[in-house]
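Chemist: The following block contains the structure, expressed as structure tokens.
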């Protein structure tokens with residue numbers, strides 16, 4: 001299972017990164033940007049829970065999006081809040097279209113029903129294991 005899961009991860013990551021590479025982003029950056037646009041003022045810990053990533057990885061992703069001027073951080077007391085910039089908000093519709101293309105690509109290769117089933121099974125396994 002370990003090798004199969006890694007092979008699947010590499011294959012689907014390559015499809016996502018190819019699509020989001022058009023924007024100079026990887027799929028993780030694209031997903032994070034969607035979350036920040038959808039929830040302005042989200043905290044790094046909330047992003048960590050949503051994206052299933054460690055806080056240090058979240059920090060690196062946020063820094064990269066800041067460098068691209070797609071998000072900005074604000075301090076509110078002890079909390080750090082992450083907001084989209086106008087550039088990040090403007091890019092959101094194109095990112096959403098790219099997600100649609102990624103989903104269609106997966107469906108063309110695997111079949112729509114199997115993509116849905118596989119997604120549910122992988123999510124369930126991830127919940128049980130982690």
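Residue numbers (the UniProt record's numbering): 1 to 130. Ideal placement from N, C-alpha and C gives every residue a C-beta, glycine not left out. Nothing here was measured: the structure is a model prediction, and the numbers come from that model.
1) Could you check what DSSP says for residue 109 in three-state terms: helix, strand or coil?
2) Note down the Cα distance separating residue 134 from residue 108, rounded to an integer number of angstroms.
3) Kindly give me the distance between the Cβ atoms of residue 44 and residue 59, rounded to whole angstroms, as I take these residues to be in contact under 8 Å.
4) So residue 37 and residue 89 are supposed to be a Cβ contact under 8 Å. How far apart are they, rounded?
5) Which residues in the same chain have their Cβ closer than 7 Å to the Cβ of residue 85, if we skip the five residues on either side of it in sequence?
Modeler: On the basis of the supplied data:
1) helix
2) Summary: the structure shown does not reach residue 134, with the chain confined to residues 1 through 130, and so no result is reported for it.
3) Contact holds; Cβ gap of about 7 Å.
4) 6 Å
5) Closer than 7 Å at Cβ, skipping near neighbours: 69, 70, 71 and 72.
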